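Quick note, the sequences are listed as chains A and B, same order. Take the first sequence: its letter number 168 is residue 168 in my numbering, and every next letter is one higher. Take the second sequence: its letter number 235 is residue 235 in my numbering, and every next letter is one higher. Don't be surprised by glycine CBs; every beta carbon is placed ideally from N, CA and C. Since the structure is predicted, the reported quantities are computational estimates derived from the model, not experimental observations. Written below as C-alpha cells is the structure these notes are about.
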Amino acid sequence: MKSVVKQEVLALNGDEAVAFAAKQSDVDVVAAYPITPQTIIVERFSEYVANGEVETEFVCTESEHSALTACLAASVTGARAFTASASAGLALMHEMLFVTSGCRAPVVMAIANRALSAPLNIHGDHSDTMTERDSGWIQIYVENAQEAYDSVIQAFKIAENTDVLLPVIVGLDGFTLSHTLENVHVLSDDAVKRFVGTRKFINVTNHEGRTVPFKLDPDNPTSMGPIALPNYYFEFKRQQEEAMKNALKVIQDVNKEYAEISGRSYGDGLVDAYYVEDAEVAIVCLGSTAGTVKAVVDELRAEGVKAGLLRIRTFRPLPVERIVDTLKNAKAVAVMDRSMSFGGNGGPVFHEVRHALYDADKHPYIVNYIYGLGGRDTSPMQIRKIYEDLQKILRIKRVETRVQYLGLRE
Amino acid sequence: MQTEAEWKFTAKDIAEKPDLFLSGHRACAGCGPATVLRLIMKAVRGPTIVTNATGCMEVVSSIYPYTSWAIPWLHTAFENAAANASGIEAALKILKKKGRSKHEHVDVIALAGDGGTYDIGIQALSGAVERGHDFLYVLYDNEAYMNTGIQRSGGTPLGASTTTSPAGTVIPGKLEHKKPIADIMVAHDMPYVATASPYYWRDLLVKVRKGLEVNGPAFLHVFAPCPRGWRSDPAKSIELSRLAVETCIFPLWEAVNGEYQLSTPSKVFALAPQKKKPVKEYLQVQGRFRHLFTPKFEKLTEEIQRVTDERWKRLLKKCGM
Ligand SMILES: Cc1ncc(C[n+]2csc(CCOP(=O)(O)OP(=O)(O)O)c2C)c(N)n1
Ligand code: SF4
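Okay, here's the thing in C-alpha cells:
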C-alpha cells in the first residue's frame, strides 16, 4: 500500500515513539507519574512542554492514582487526555481504571509492560495489564516501536469514537520495545492532527430534561459519576459491554483508515495472522515476541513445515470470531502467556483462546507456554522447540503436558 | 472581580438567590454537611464545577437518575477529590487557551468529608496544593466516616465513641486527638486557609467567596455536625455549631498567605475570655461522649479541656493576640 503523505524516518525507542505520537495527537492534558520502563515517555513529553512544542497542560502528579484521576476528570471536562504507566503504577491506578471506563472517559494510556512485585523486578512481562483485562479498557498490544507510534495515534480515534467512548491501553513490552531504538516512520504533525480530529460529544438528557453534551459544562449542567443502586447499575455495565462490541468494528475501520494515510496496517487491527490460515502447527502470542516467532516461522516454512503465527493485537475486546476463523485449519496450537494466573488452568491468553475454540467446528490440540516472566529472554531456539513439541503432539496424537514453562530452571 | 463590600451576603440576598444544591436529597434530618453545602453554594460567583469525594454528601445527592446538583458535578472516588479538581482545572485552562471554552473563568470546588481529607485523601490534596491548582477545597468535617457507619477518622476527637473506636469497659472511645488539618494546610504555604461553622453563616459565605477569589489553591475547613453519628438531637445541629466555637473546640480563623487571623465569632472569646464556655457543655449533649460522664472515664473531659485550652492558646499566639 502506498502512503499518501510524506513521512520522515526517526530513530526512536518505543517510549519515544509513544511520546512523539502523543505530541502529534494534539493532547490537551497529560497527567502522569514516572515508573520504569515508562519514564522516558513522561520525560520526553515534559521536554516538549518545556520547549513549547505542544499546547498541552502537563500535570506531574504525586501518584499514579492521581494521574489517572486527573486524566479522567480532564476528559469529562472535554479535554483529550493521555497518561502512561507500568507495573506497580498501573496496579496503584487499578480502582481508577474501572471508574474511567465506567464514566466512559476516552483516556489513552501507554503501558510499558513490566512485571509485578514481589520480588521486585523492573523488566518486561504482561502481569500488569493482564491483571486489568476486566477493567473495561480496550487493550492493544504492539509488536515494535513503529506499531507503538501508530497505535497511540489510532487509540485516540478509537477511544473517542462516539459508538465506543472507552479508554484504551496501548501495551508495549518493557525494555524490549520501550528502550530499544528502531527506525520509526512518522507522519507529519498536520496529517496526524487531521486523522485524530477534534473530540466529539454525545448528547444526554440532564436533570432538567434538556439535551446536553456529555461533559462538565457550566452552561449545560450534568451530574457525572453518580451513585447507581441495584435498579440501574447493571444497565450501565451492559452498555459498556455494548461499547466493547462496537469497538471491534471501529478498531478495524481505524486500522484501514490509518493505512490509507500511512501505508501501514496491522492485520485487520484485531489480529495479525502470519502464515496461519493453512498452518498445521500454530503459535498464538501477544506483543514483541511475535517478531521472534515470525523469524522462526520463515525458517520452518523454508523447511517445508506448515507453521504459522496468530498475534492477537487487540486483546480487549477479544476478537473471538477472528481467532476461531484464523485457527480453523490448525491441528495443534501453542498459546504463549507472558503472565500467570496463579491456580488457574494456564495463563490468561490460554484461557481465552481455548475458550474461544470451544464452539469451533474442529478442536485442535492446544497447549500453553508460560514464558518471559520478569524479562527473561525468549530465543528463536525455544520457539522452534515449541513447534517441534506441536509436531510431536500430532505424531503421538495426545497432549502430554498441558501447561509448560519456557526457559525455566526447574 | 467583586470587592468584599459588593458581595452582600445579607439574609435577604441569600434567600433570594436560587439554590444550586437542591432539595430532595436523602440526607438525614438535621444533617450539618447538607446545610453547609446549601450555604456554600449561595456564595459561588459565576460558572462553577463541583467535584465530590465518596461519602455521605455524594451518596445522598446523586442517586441515579436523580441529582441535587444544579451545576456540573463530578464524583469519581473516595481519596481523590483534589486530583479530580486538578484534572478539571488543567482541562479548563488549556481549553480556554485553545479557544474551546466560552467562559472567561470557571471556578472549581472540591468537596470531601474528614475521611476523604485527613486520611485517605491527604496525599492527593497535598499534591494538588503543591502544584498550585486554582481551586477551592471544602472539607465538611462531621468527625467520622459517616457514610460507612460512623467509623473513626483522623478528624474524630479524643474520647468520641465510633464503631471502630467504641467506648468499651476498658477503652473510652478514641484515644487520639484530632489532627490539626487546617494547620497542616497552612504549612503548605498556600494562599488561603480558613475554618468556618454553619452557625456563623455569613462568616462561612465570605470565606467561600474569598477562597474562590484567591488565585491558586484555597482550603476551607467547615465544622458540620452529624446527628446520626454524634448521637445528638437533629434539632440541635446548628446549636452545636455555635457551641463548638463558644467552647473554642473549633475556633474560627483564617490564614491569608500564612498570616493567621482570628475571625470575629472567635475574637469575642479572645477579648473576653470569661465568655468562653467549658467543653463539658458541648460534650454532654452528644451521645458519642456519653461514657465520659461516667465516674470511670470522667477524667477524660479534663484532658479534652486541657488540650482545647492549649490549642486555643497556641492559636492566639499565631494570631498575635
Ligand atoms: C478506597 C476506598 N476505601 C473505602 C471506601 C469506603 N468508604 C466510602 S465513603 C467512606 C467514608 C467517608 O467518610 P468521610 O470522608 O468522613 O465522609 P462522610 O461519609 O462522613 O460524609 C468510606 C470509608 C471507598 N469508597 N473507597
Ligand atoms: S449520617 Fe450524618 S452526615 Fe450523613 S447524611 Fe446523615 S446526618 Fe448527614
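Short CB-CB distance (under 8 Å) between residue i and chain B
| i | result |
| --- | --- |
| glutamate 95 of chain A | yes |
| proline 213 of chain A | no |
| isoleucine 413 of chain A | Nothing about residue 413 of chain A can be read from this structure; chain A reaches only from 1 to 410. |
| leucine 216 of chain A | yes |
| alanine 19 of chain A | no |
| isoleucine 227 of chain A | yes |
| methionine 1 of chain A | Reliability fails at methionine 1 of chain A, whose pLDDT of 48 lies under 50, so the model's placement of it is uncertain and no value is given. |
| threonine 378 of chain A | no |
| threonine 83 of chain A | no |
| leucine 72 of chain A | yes |
| serine 46 of chain A | no |
| threonine 222 of chain A | yes |
| glutamate 62 of chain A | yes |
| glutamate 57 of chain A | yes |
| serine 101 of chain A | no |
| valine 29 of chain A | yes |
Of the listed residues the options, nearest to residue i (C-alpha basis)
| i | options | result |
| --- | --- | --- |
| alanine 81 of chain B | B/Thr51, B/Lys299, B/Asp114 | B/Thr51 |
| glycine 87 of chain B | A/His94, A/Ala86, A/His65 | A/His65 |
| threonine 131 of chain A | A/Ala86, A/Ala155, A/Glu53, A/Thr326 | A/Ala86 |
| tyrosine 371 of chain A | A/Glu388, A/Met336, A/Gly343, A/Gly344 | A/Met336 |
| histidine 291 of chain B | B/Ser126, B/Ser165, B/Leu39 | B/Ser165 |
| glutamine 286 of chain B | B/Pro33, B/Pro180, B/Asn142, B/Lys102 | B/Asn142 |
| leucine 37 of chain B | B/Leu240, B/Pro225, B/Ala91, B/Lys277 | B/Pro225 |
| threonine 401 of chain A | A/Ala334, A/Gly374, A/Arg384, A/Glu147 | A/Ala334 |
| leucine 283 of chain B | B/Phe250, B/Glu310, B/Lys267 | B/Phe250 |
| lysine 277 of chain B | B/Tyr260, B/Phe297, B/Met146, B/Glu246 | B/Glu246 |
Start and end residues, alpha helix (DSSP H) containing residue i
| i | result |
| --- | --- |
| serine 379 of chain A | Per DSSP, serine 379 of chain A belongs to no alpha helix (DSSP H) and is neither H nor E. |
| arginine 301 of chain A | 289 to 302 |
| isoleucine 109 of chain B | Element bounds for isoleucine 109 of chain B: not the alpha helix (DSSP H) but the beta strand (DSSP E), 107 to 112. |
| tyrosine 48 of chain A | 39 to 50 |
| lysine 301 of chain B | Per the sequence shown, the amino acid found at residue 301 of chain B is threonine instead of lysine. Start and end: 299 to 318. |
First and last residue of the uninterrupted beta strand (DSSP E) at residue i
| i | result |
| --- | --- |
| serine 85 of chain A | 81 to 85 |
| proline 18 of chain B | From DSSP, proline 18 of chain B is part of no beta strand (DSSP E); its letter is neither H nor E. |
| tryptophan 73 of chain B | 73 to 75 |
| arginine 311 of chain A | 307 to 312 |
| leucine 12 of chain A | 8 to 12 |
| phenylalanine 350 of chain A | Taken as a continuous stretch (DSSP letters only), phenylalanine 350 of chain A belongs to no beta strand (DSSP E), being part of the alpha helix (DSSP H) at 348 to 356. |
Within-8 Å CB hit, residue i to chain A
| i | result |
| --- | --- |
| isoleucine 122 of chain B | no |
| serine 62 of chain B | yes |
| histidine 103 of chain B | yes |
| valine 148 of chain B | One point to set straight first is that residue 148 of chain B is threonine, not valine, in the sequence displayed. No, no contact with chain A. |
| serine 323 of chain B | Shown here, chain B extends from 1 to 321; a query on residue 323 of chain B therefore has no answer. |
| isoleucine 181 of chain B | no |
| glycine 55 of chain B | no |
| valine 327 of chain B | The displayed coordinates of chain B run from 1 to 321. Any statement about residue 327 of chain B would go beyond what the structure contains. |
| tryptophan 7 of chain B | no |
| proline 65 of chain B | yes |
| proline 18 of chain B | no |
| glutamate 213 of chain B | no |
| threonine 72 of chain B | One detail in the question is off: residue 72 of chain B reads as proline in this sequence, not threonine. Answer yes: the Cβ-Cβ gap between proline 72 of chain B and chain A drops below 8 Å somewhere. |
| threonine 117 of chain B | no |
| isoleucine 171 of chain B | no |
| proline 33 of chain B | no |
*Quick check: the region 356 to 366 of chain A against the region 94 to 110 of chain A, are there 3 or more CB pairs under 8 Å?*
no
*Contact between the region 3 to 17 of chain A and the region 183 to 198 of chain A: three or more CB pairs below 8 Å?*
With the cut-off at 8 Å, the region 3 to 17 of chain A and the region 183 to 198 of chain A touch.
*For the region 47 to 66 of chain B and the region 22 to 38 of chain A, state whether three or more C-beta atom pairs, one from each stretch, are separated by less than 8 Å.*
no
*In chain order, which beta strand (DSSP E) runs of at least 3 residues are fully inside the region 110 to 178 of chain A?*
138 to 141, 168 to 173
*Inter-stretch contact (C-beta, 8 Å, three-pair minimum) for the region 250 to 257 of chain B and the region 190 to 202 of chain B*: yes
*asked:* Check whether the region 68 to 78 of chain B and the region 212 to 230 of chain A are in contact - that is, three or more C-beta pairs closer than 8 Å.
replied: yes
*asked:* Check whether the region 162 to 171 of chain A and the region 266 to 282 of chain A touch, using three or more Cβ-Cβ pairs below 8 Å as the test.
replied: no
_List, from N- to C-terminal side, the alpha helix (DSSP H) runs of 4 residues or more that fit wholly inside the region 182 to 248 of chain B._
Qualifying alpha helix (DSSP H) stretches, in chain order: 201 to 213, 227 to 230, 237 to 246.
*Just checking, does the region 170 to 180 of chain B make contact with the region 212 to 227 of chain B on the three C-beta pairs under 8 Å criterion?*
With the cut-off at 8 Å, the region 170 to 180 of chain B and the region 212 to 227 of chain B do not touch.
*Hey, is the region 53 to 63 of chain A in contact with the region 174 to 189 of chain A, meaning 3+ C-beta pairs nearer than 8 Å?*
As far as the Cβ criterion goes, the region 53 to 63 of chain A does not touch the region 174 to 189 of chain A, which means the pair count is below three.
*Quick one: complete alpha helix (DSSP H) runs, 4+ long, within the region 116 to 158 of chain B?*
Runs of the alpha helix (DSSP H) inside the region 116 to 158 of chain B: 122 to 130.
_Three or more C-beta pairs below 8 Å linking the region 393 to 400 of chain A and the region 198 to 213 of chain A_ = no
*Please determine if the region 27 to 45 of chain B and the region 135 to 151 of chain B are in contact, where contact requires at least 3 C-beta pairs separated by less than 8 Å.*
yes
*Does the count of Cβ pairs from the region 249 to 264 of chain A and the region 154 to 163 of chain A closer than 8 Å reach three?*
yes
*Examine the Cβ distances between the region 55 to 64 of chain B and the region 112 to 131 of chain B and report whether three or more of them are shorter than 8 Å.*
yes
*Pocket of ligand 4 defined by Cβ to heavy atom distance under 5 Å*: With respect to small molecules bound, the structure shown includes ligand 1 and ligand 2 and not ligand 4.
*Taking three-plus beta-carbon pairs below 8 Å as touching, is the region 229 to 236 of chain B in contact with the region 91 to 100 of chain B?*
no
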